[in-house]
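Protein chains in written order, with this note's numbering: chain L, 151 to 267; chain S, 194 to 305. Note sheet for the following structure.
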Amino acid sequence: DTGVSQNPRHKITKRGQNVTFRCDPISEHNRLYWYRQTLGQGPEFLTYFQNEAQLEKSRLLSDRFSAERPKGSFSTLEIQRTEQGDSAMYLCASSQGLAGGSSYEQYFGPGTRLTVT
Amino acid sequence: EDKVVQSPLSLVVHEGDTVTLNCSYEVTNFRSLLWYKQEKKAPTFLFMLTSSGIEKKSGRLSSILDKKELSSILNITATQTGDSAIYLCAVDRGGATNKLIFGTGTLLAVQP
Chain L
151 DTGVSQNPRH KITKRGQNVT FRCDPISEHN RLYWYRQTLG QGPEFLTYFQ
201 NEAQLEKSRL LSDRFSAERP KGSFSTLEIQ RTEQGDSAMY LCASSQGLAG
251 GSSYEQYFGP GTRLTVT
Chain S
194 EDKVVQSPLS LVVHEGDTVT LNCSYEVTNF RSLLWYKQEK KAPTFLFMLT
244 SSGIEKKSGR LSSILDKKEL SSILNITATQ TGDSAIYLCA VDRGGATNKL
294 IFGTGTLLAV QP
């Protein structure tokens, strides 16, 4: 399977615990995005990487959230001291991002559904 | 504030019907508009539209962008139960990140 993959697919945690999610983008894609989606809403942008550089973070990304893409390949998203309001689907997307045409299309992974109890 | 608005919020049709989903946007910068289909999983890419008036077509689905009216429509002809999903519209504002601004989606239910 050469699509975007995410692990784990589901995570249930207790409030106050830390969680980490992983995203493996399509191999030739240098752009990687994290989005969060809650029930009845469209995905909301969280953060963006071009290769290993994190170039933009949303105001939605509080200090408890941190993301990395250490070698410009896979990425991790960590949430510290989880709160019930963090319960959502966390989606990762990647794109090629070369000049012109269809290379800006973003392809999404299956998501990690987080439930904070 | 940038926003993308989709209508209707939900729609119930019978197999064989034709449906039209609407998307309008107000953004400071515009590069392209994208349509995604979302079932009980991640959004799957349908179309990317950058030029006004040029229809993109894939099987029974088609879409067109009107940059003057800041809107797009997604048409589905001869609907099937497998078309039941949430259809998401998103705008790529371009710039350095090409982050997407999504609407809340249209929930389509196709009854047999």
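Here a beta-carbon is modelled for each residue, glycine too, at the ideal position from N, C-alpha and C.
If we ignore side chains and look at the alpha-carbon of each, how far apart do S/Pro305 and S/Gln199 end up?
-> Numbered from 1 along the second sequence, position 112 holds the residue referred to as residue 305 of chain S. Numbered from 1 along the second sequence, position 6 holds the residue referred to as residue 199 of chain S. Going by the C-alpha atoms only, they are around 25 Å apart.
Partner residues on chain S for L/Leu205, Cβ-Cβ distance less than 7 Å = Residue 205 of chain L sits at position 55 when you count from the first residue of the first sequence. Ordered by position in chain S, the residues that pass the 7 Å Cβ test against L/Leu205 are Ala289, Thr290.
Using DSSP with H/G/I as helix, E/B as strand and the rest coil, what is S/Asp195?
-> Start at 1 with the first residue of the second sequence, and residue 195 of chain S comes out as number 2. Coil, per DSSP.
Own chain residues within Cβ distance below 6 Å of S/Ile279, not counting five before or after = Your numbering for residue 279 of chain S matches position 86 in the second sequence. In the same chain as S/Ile279, and ignoring 5 residues on each side of it, the C-beta atoms closer than 6 Å to its own belong to Gln231, Gly298, Leu300, in chain order.
Is the beta carbon of L/Tyr254 less than 8 Å from the beta carbon of S/Lys292?
-> As a position in the first sequence, residue 254 of chain L is number 104, starting the count at 1. As a position in the second sequence, residue 292 of chain S is number 99, starting the count at 1. No, the pair does not count as a contact, with Cβ atoms beyond the cut-off.
Can you tell me which of the three DSSP states L/Asp174 falls into?
-> Looking up residue 174 of chain L in the first sequence gives position 24. It is a strand residue.
Would you check if the segment 260-271 of chain S and the segment 255-262 of chain L touch, i.e. whether three or more CB-CB distances between them fall below 8 Å?
-> Look at the beta carbons and you see the segment 255-262 of chain L not touching the segment 260-271 of chain S: under three pairs across the two are nearer than 8 Å.
Look at the Cβ atom of L/Leu264, then the Cβ atom of L/Ala238, and state whether they are nearer than 8 Å.
-> As a position in the first sequence, residue 264 of chain L is number 114, starting the count at 1. As a position in the first sequence, residue 238 of chain L is number 88, starting the count at 1. Result yes, Cβ atoms of L/Leu264 and L/Ala238 sit closer than 8 Å.
Can you tell me where the beta strand (DSSP E) with S/Asp259 in it begins and where it stops?
-> Translated into the one-based positions of the second sequence, residue 259 of chain S becomes position 66. Here the beta strand (DSSP E) through S/Asp259 covers 254-259.
Taking the alpha-carbon positions, what's the L/Phe215 to L/Arg231 distance?
-> Counting from one through the first sequence, the residue named residue 215 of chain L turns up at place 65. Counting from one through the first sequence, the residue named residue 231 of chain L turns up at place 81. Straight-line Cα distance between these residues: approximately 9 Å.
Contact set between the segment 229-252 of chain S and chain L, restricted to residues whose Cβ is under 7 Å from the partner = So the close ones are Lys234, Ala235, Pro236, Phe238, Met241.
Against chain S: residues of the segment 233-247 of chain L by CB proximity under 9 Å | Cβ contacts with chain S come from Met239, Leu241, Cys242, Ala243, Ser245, Gly247.
For S/Glu219, collect the residues of the same chain with a Cβ closer than 6 Å to its Cβ; drop the 5 residues on either side in sequence, then sort them by chain order.
-> For the purposes of this step, residue 219 of chain S is identified with residue 26 of the second sequence, where counting begins at 1. The beta carbon of S/Glu219 lies closer than 6 Å to those of Lys196 in the same chain, with the five residues before and after it left out.
Applying the criterion that 16 or more other CB atoms from any shown protein chain within 10 Å of the CB defines a buried residue, is L/Leu205 buried or exposed?
-> Reading the first sequence from its first residue, position 55 is the one you call residue 205 of chain L. L/Leu205 should be labelled exposed.
When you compare each of L/Thr226, L/Phe195, L/Phe224, L/Gln200 to L/Leu211 by their alpha carbons, which one comes out closest?
-> As a first step, residue 211 of chain L must be located in the first sequence, where it is residue number 61. Out of L/Thr226, L/Phe195, L/Phe224, L/Gln200, L/Phe195 has the C-alpha closest to the C-alpha of L/Leu211.
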